[in-house]
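Peer 1: Just passing along the structure, written as structure tokens.
Protein chains: 2
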Amino acid sequence: MSAGPSTGTVPTTAGGRAGPAGASVAGLMAEIADVGRDDARGGYSRPVYSVAEHELREWFIDQASRRGLDVESDRNGILWAWWDAPGADRRDAVVTGSHLDSVPGGGAFDGPLGVASALIAIDRLRERGLTPSKPLALAVFPEEEGSRFGVACLGSRLLTGLIDPDRARTLRDPEGNTFADVTAKAGLDPRFLGPDPEAVGRIGSFVELHVEQGRGLIDLGQPVAVGSTILGHGRWRITITGQGNHAGTTLMEDRRDPLVAAAAIVQAAREAALRHSGARATVGRIVPVPGGTNVIASSVSLWLDVRHADDAVTAAVVERIHADARRAAAVEGCSLELREESLSPTVHFDPALRHRLGELLPDAPVLPTGAGHDAGVLAAALPTAMLFVRNPTGVSHSPEEHVEDDDAEAGALALAGVLEGLAGRRV
Amino acid sequence: MSAGPSTGTVPTTAGGRAGPAGASVAGLMAEIADVGRDDARGGYSRPVYSVAEHELREWFIDQASRRGLDVESDRNGILWAWWDAPGADRRDAVVTGSHLDSVPGGGAFDGPLGVASALIAIDRLRERGLTPSKPLALAVFPEEEGSRFGVACLGSRLLTGLIDPDRARTLRDPEGNTFADVTAKAGLDPRFLGPDPEAVGRIGSFVELHVEQGRGLIDLGQPVAVGSTILGHGRWRITITGQGNHAGTTLMEDRRDPLVAAAAIVQAAREAALRHSGARATVGRIVPVPGGTNVIASSVSLWLDVRHADDAVTAAVVERIHADARRAAAVEGCSLELREESLSPTVHFDPALRHRLGELLPDAPVLPTGAGHDAGVLAAALPTAMLFVRNPTGVSHSPEEHVEDDDAEAGALALAGVLEGLAGRRV
């Protein structure tokens, strides 16, 4: 437990919600089904420290308290709900959890499924009469999506020192609020944001359950998988500069139109990724300047997202796109700049922990994921693992994301088995 | 002359500026070179009824008054400076002029060149001892660019009844101010905005001098051209709907990415325009939704601007792009909608007036323009014509727009010749 000044036990919320008796993952998910709905985009918009995400945190604190867990919020806004808080000498706690924030117009399950499943896993362990021999905790990490402040897994990065707290404090949301101001309003002291080696040192292993964000389990006909890797992932910003001009008066032959070059780059990204099995290359954001209907753009920025399990393939895909982009810009008489904004190598989850999960869940297939997760960030500091639960649409970061009730329950049972196996039975 | 309550003679501004003796177009342009500079964008930002545009109007009133012209502001905020105001029975006035407002970050010449050249043309006629046999006036039209209230040529549209005054009154600028409020602050009575058949009826012909917004005169090595047509011009909005999904977890094979289809459409627009000499097709605005770096877009909107002198060619270009767009969307498993947002047929300037200008300026080539102008709007109500002055950069709606001093002077001389020829010499 951190001794930082912002750490404290959160008071239990009194309330009339149903207690854990007879609870299910689907029942818990139904309790929060109306929080943060986004009528414009569909699905949910639950930015970190928004009213909606705050309501979800209160709900988690209430649910954890009903289960007799001791809840604390640490200096980085991470919630910890302890079944037997560890003494200062214990460095073997088993922790599970996920996040409650969402992308704009996201699905119901990305994040909350892992939190609800953790609560139900505790119920299942209690029903079996388990008293764990190691400390056990549920954790909720803030700003996993990076949708508000632009840095994914911000809470776990701060915890483990993977982001400079000075940089974190000055991050701004789309309205211009700094992370320092927003955390202060949320009751934290922004001066104490940052690495918390004591909190990290308590943890022996971390297991995150998450809705699958692809079609692996659909194709395998299985409800739950064990995670193997998180794909290496980079973001590059490409800026193409041409000649802004009048759309009506400028002959086609006289144009240096950066949007025509950008169009070729979008297609080059698709083609470069298709040359390597399992590679992904995406342009989801493109901004022409000035962006007028009757104006040839003077410049265009586009953002390139590339991922592959083999970091050398990621580099090769980007190199090929860069070469094609330079050619497309030159054909159009434009200049081009490519800048790396971030690059994370592939995360291989702890082999020993993954092997242990394989023993505990012998039927579960082993799957990689292309999405980033707090478990991937924490992997730099301690043994981590993931469980994935089948998503029958295969669609993620979208209202179409889904999990069947039976699969959600199977996921919680699998997580309970893993926690029991890792934490042991006190004798 | 309108008898509307907002009409009145504007008092002459006393001031220490240089009189018309020895004036030149370049000298007049230098007088306003510091008005409305835009340090952020470069060039000038002179939105209608802004401080900058108001200062330019005051400058025009001053310059016209120094030349002994009677200046009035009519019910629509159009300034008229009369050399011999017509009696109620005269319907043959010769009018020239242009506008003083600019696009954001525009050049110095788009608009003001036509106003300064009109003032200098009056000087040249006076120097020749001309007394015109027809009434002669200079006009300044507000909101030609449509940059503040979104409707181009708003002044001339109101004058000729081509826009419903109720709609005009409720137009809003980017800060949310209505056109009614802004015109009231500028001293007009917004109740009297609207068609003014009496003011239109006075005019026998209108000739607008304007900086060329393309490279026609560069290629011909000539300083001044007579306008033939304003290209027909349409705007279409294309919406492509695919499958929003996670950029990291979605295999390339499973994607229905509307931005990949949009990229093909941008290229199809270029190719379709190149199939027809003189056709222009531009995508300058493209908006992916949700527009996140790590999200495959669920939909993309793009705006297509197509122009050609032959309206049948414009239709053929759009039809071809539409067919290619449907194919590109189908290949990507996306749906596509194309909606016409506006369509203006090609304006052919009055043939008799154009023939007369050809006689008066036998060396001037005849050129079409791709840009809209008040002369194009007024063409629906009376004979209009245009003169274009060489722009050595060929660039428009940009700080790079330029006119050499000698060419500006040649333009004013050509305009003087046209006015003399049209207005006749009183004997």
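Residue numbers (the working numbering), protein chains in the order written: chain A, 85 to 511; chain B, 85 to 511. Think of the CB as a built atom: it goes at the ideal place given N, C-alpha and C, for glycine as much as any other residue.
#1: Could you list which residues in chain A have their beta carbon closer than 7 Å to that of Pro372 (chain B), in chain order?
#2: Taking Cβ-Cβ distances below 8 Å as the criterion, which residues of the stretch 373-387 of chain A are in contact with chain B?
#3: Which word fits His330 (chain B), buried or exposed, when buried means at least 16 other C-beta atoms lie within 10 angstroms of its C-beta?
#4: With 9 Å as the limit, tell me which residues of the stretch 324-355 of chain A have their beta carbon closer than that to any beta carbon of chain B; keep them in chain order.
#5: Mind checking whether Gly376 (chain A) and Gly368 (chain B) have CB atoms under 7 Å apart?
#6: Going by C-alpha distance, which of B:Leu497, B:Leu506, B:Gly508, B:Ala507 is nearest Ala202 (chain B)?
#7: Spatial neighbours of Ser312 (chain B) within its chain, please: CB distance less than 6 Å, with the 5 preceding and 5 following residues excluded, ordered by chain position.
#8: Report yes if the C-beta distance between Val284 (chain B) and Ala465 (chain B) is below 7 Å; otherwise report no.
#9: In whole angstroms, give me the CA-to-CA distance for Arg510 (chain B) and Arg275 (chain B).
#10: Please classify Gly328 (chain A): is it buried, with 16 or more other beta-carbons within 10 angstroms of its beta-carbon, or exposed?
#11: If the criterion is Cβ atoms closer than 7 Å, does the pair Val371 (chain B) and Leu343 (chain B) meet it?
#12: For the structure I just gave you, are there three or more beta carbon pairs, one from the stretch 253-260 of chain B and one from the stretch 467-480 of chain B, closer than 8 Å?
#13: Anything in chain B within Cβ reach of Asp315 (chain A), meaning under 7 Å, just list it in chain order.
#14: Where Gly230 (chain A) and Asn160 (chain A) are concerned, what is the direct C-alpha to C-alpha distance, given to the nearest angstrom?
#15: Drop a sphere of 10 angstroms on the beta-carbon of Ser186 (chain A), count the other beta-carbons inside from all chains shown, and report buried for 16 or more, exposed for fewer.
#16: Pro258 (chain A): buried (16+ other C-beta within 10 angstroms of its C-beta) or exposed?
#17: For chain A, check one thing: does any of its Cβ atoms lie closer than 7 Å to the Cβ of Leu466 (chain B)?
#18: Note down, in chain order, every chain A residue with its Cβ under 7 Å from the Cβ of Val431 (chain B).
#19: Could you tell me whether the Cβ of Arg256 (chain B) comes closer than 7 Å to any Cβ of chain A?
#20: Please give me, in chain order, every unbroken run of the beta strand (DSSP E) with length at least 3 that falls completely inside the stretch 364-429 of chain A.
#21: Once DSSP output is grouped into helix, strand and coil, what is the label at Glu493 (chain B)?
#22: In the DSSP assignment, the beta strand (DSSP E) including His518 (chain A) goes from what residue to what residue?
#23: How many angstroms separate the CA atom of Leu427 (chain B) from the CA atom of Arg319 (chain B)?
#24: Does the beta-carbon of Leu304 (chain B) have 16 or more other beta-carbons within 10 angstroms, so that it is buried, or is it exposed?
#25: So, for Glu493 (chain A): in the same chain, excluding its five sequence neighbours on each side, which residues have a beta-carbon less than 8 Å away from its beta-carbon?
#26: Strictly below 7 Å CB to CB, what residues from chain A border Ala455 (chain B)?
#27: Near Leu277 (chain B), which residues of its chain fall below 7 Å by C-beta distance, leaving aside the five closest residues on each side in sequence?
#28: Where does the unbroken beta strand (DSSP E) through Phe290 (chain B) begin, and where does it stop?
#29: By alpha-carbon positions, which one of A:Asn261, A:Arg150, A:Val402 ends up nearest to Arg210 (chain A)?
#30: Taking the alpha carbon of Ala148 (chain A) as the point to measure from, which residue in A:Ser480, A:Gly181, A:Arg125, A:Arg130 has its own alpha carbon closest?
#31: On the DSSP bridge list, what partners appear for Asn329 (chain A)?
#32: Measuring only the C-alpha atoms, how far is Thr333 (chain A) from His457 (chain B)?
#33: Taking its Cβ as the centre, do 16 or more other Cβ atoms sit within 10 Å of Thr93 (chain B), making it buried, or is it exposed?
#34: For Asp408 (chain A) and Ala365 (chain A), I'd like the C-alpha separation in whole angstroms.
#35: In the DSSP assignment, the beta strand (DSSP E) including Asp154 (chain A) goes from what residue to what residue?
#36: For Leu358 (chain A), decide whether its Cβ has a neighbour in chain B, counting only Cβ atoms nearer than 7 Å.
Peer 2: In short:
#1: Locating residue 372 (chain B) in the second sequence gives position 288, where the first residue counts as 1. In chain order: Gly368, Arg369, Ile370.
#2: Within the stretch 373-387 of chain A, the residues whose Cβ lies closer than 8 Å to some Cβ of chain B are Pro374, Gly375, Gly376, Thr377, Asn378, Val379, Ile380, Ala381, Ser382, Trp387, listed in chain order.
#3: Here residue 330 (chain B) refers to the residue found at position 246 of the second sequence. Counting other Cβ atoms within 10 Å of its Cβ, His330 (chain B) reaches 16 or more and is therefore classed as buried.
#4: Result list: Gln327, Gly328, Asn329, His330, Ala331, Gly332, Thr333, Thr334, Leu335, Met336, Glu337, Asp338, Arg339, Asp341, Leu343, Val344, Ala346, Ala347, Ala348, Ile349, Val350, Gln351, Ala353, Arg354.
#5: Within the first sequence, the letter at position 292 stands for residue 376 (chain A). Within the second sequence, the letter at position 284 stands for residue 368 (chain B). Cβ atoms of Gly376 (chain A) and Gly368 (chain B): closer than 7 Å.
#6: Taking the first residue of the second sequence as position 1, residue 202 (chain B) is located at position 118. The shortest Cα separation from Ala202 (chain B) among B:Leu497, B:Leu506, B:Gly508, B:Ala507 belongs to B:Leu497.
#7: Taking the first residue of the second sequence as 1, we reach residue 312 (chain B) at position 228. Contacts found: Val450, Pro452.
#8: Sequence index remark: in the second sequence, residue 284 (chain B) carries index 200 (1-based). Sequence index remark: in the second sequence, residue 465 (chain B) carries index 381 (1-based). For the pair Val284 (chain B) and Ala465 (chain B), the CB atoms are nearer than the 7 Å cut-off.
#9: By one-based count along the second sequence, residue 510 (chain B) stands at place 426. By one-based count along the second sequence, residue 275 (chain B) stands at place 191. Taking the straight line from one Cα to the other gives about 40 Å.
#10: As a working note, residue 328 (chain A) is residue 244 in the first sequence. Here Gly328 (chain A) is buried. Its C-beta has 16 or more other C-beta atoms within 10 Å.
#11: Within the second sequence, the letter at position 287 stands for residue 371 (chain B). Within the second sequence, the letter at position 259 stands for residue 343 (chain B). No, the pair does not count as a contact, with Cβ atoms beyond the cut-off.
#12: Three or more Cβ pairs closer than 8 Å define a contact, and the stretch 253-260 of chain B falls short of that threshold against the stretch 467-480 of chain B.
#13: Sequence index remark: in the first sequence, residue 315 (chain A) carries index 231 (1-based). Correcting the residue type first, residue 315 (chain A) is Leu in the shown sequence and not Asp. Result: Gly332.
#14: The residue you call residue 230 (chain A) lines up with position 146 of the first sequence. The residue you call residue 160 (chain A) lines up with position 76 of the first sequence. Their Cα atoms are separated by approximately 15 Å.
#15: Looking up residue 186 (chain A) in the first sequence gives position 102. Ser186 (chain A) should be labelled buried.
#16: Here residue 258 (chain A) refers to the residue found at position 174 of the first sequence. Looking at its Cβ environment, which holds fewer than 16 other Cβ atoms inside 10 Å, Pro258 (chain A) is exposed.
#17: Along the second sequence, read from residue 1 onward, the residue named residue 466 (chain B) stands at position 382. No, its Cβ sits nowhere closer than 7 Å to a Cβ of chain A.
#18: Within the second sequence, residue 431 (chain B) is the residue found at index 347, counting from 1. Contact of Val431 (chain B) with chain A by beta-carbon distance below 7 Å is absent, the smallest such distance being about 12 Å.
#19: For the purposes of this step, residue 256 (chain B) is taken as the residue at position 172 of the second sequence. It does not; no Cβ of chain A falls within 7 Å.
#20: Listed in chain order, the complete beta strand (DSSP E) runs (minimum 3 residues) inside the stretch 364-429 of chain A are 364-373, 383-392, 419-428.
#21: Position 409 of the second sequence, counted from the start, is the residue given in the question as residue 493 (chain B). Helix.
#22: Absent from the structure is residue 518 (chain A), since the part of chain A shown begins at 85 and ends at 511.
#23: The residue you call residue 427 (chain B) lines up with position 343 of the second sequence. The residue you call residue 319 (chain B) lines up with position 235 of the second sequence. So the two alpha carbons sit approximately 6 Å from each other.
#24: Translated into positions along the second sequence, residue 304 (chain B) becomes position 220. Leu304 (chain B) is exposed by the Cβ-count criterion.
#25: Reading the first sequence from its first residue, position 409 is the one you call residue 493 (chain A). Cβ within range, chain order: Ser108, Val109, Ala110, Ile204.
#26: Residue numbering aside, residue 455 (chain B) sits at position 371 when the second sequence is read from its first letter. Contacts between Ala455 (chain B) and chain A, judged by CB atoms closer than 7 Å, involve His330, Gly332, Thr333 in chain order.
#27: Taking the first residue of the second sequence as 1, we reach residue 277 (chain B) at position 193. Around Leu277 (chain B), the same chain offers Arg159, Asn160, Leu242, Pro249, Ala252, Arg253, Thr267 as residues with beta carbons nearer than 7 Å, after the five sequence neighbours per side are excluded.
#28: On the second sequence, residue 290 (chain B) is found 206 positions in, with the first residue counted as 1. Start and end: 287-295.
#29: To locate residue 210 (chain A), count along the first sequence from 1; it is residue 126. For Arg210 (chain A), the nearest C-alpha among the options comes from A:Arg150.
#30: Residue numbering aside, residue 148 (chain A) sits at position 64 when the first sequence is read from its first letter. Put simply, of A:Ser480, A:Gly181, A:Arg125, A:Arg130 the residue whose alpha carbon is nearest the alpha carbon of Ala148 (chain A) is A:Gly181.
#31: The residue you call residue 329 (chain A) lines up with position 245 of the first sequence. In the DSSP assignment, Asn329 (chain A) forms a beta bridge with A:Ile380.
#32: Looking up residue 333 (chain A) in the first sequence gives position 249. Looking up residue 457 (chain B) in the second sequence gives position 373. Those two C-alpha atoms are separated by around 12 Å.
#33: The residue labelled residue 93 (chain B) in the question sits at position 9 within the second sequence. Caution applies to Thr93 (chain B), whose pLDDT of 48 falls short of 50 and renders its modelled position unreliable; the model cannot decide the point.
#34: As a position in the first sequence, residue 408 (chain A) is number 324, starting the count at 1. As a position in the first sequence, residue 365 (chain A) is number 281, starting the count at 1. Put simply, the backbone Cα of Asp408 (chain A) is about 14 Å away from that of Ala365 (chain A).
#35: Numbered from its first residue, the first sequence carries residue 154 (chain A) at position 70. Counting along the chain, Asp154 (chain A) sits inside the beta strand (DSSP E) bounded by residues 154-157.
#36: The sequence position of residue 358 (chain A) within the first sequence is 274, counting from 1. It does: the Cβ of Leu358 (chain A) has a partner Cβ on chain B nearer than 7 Å.
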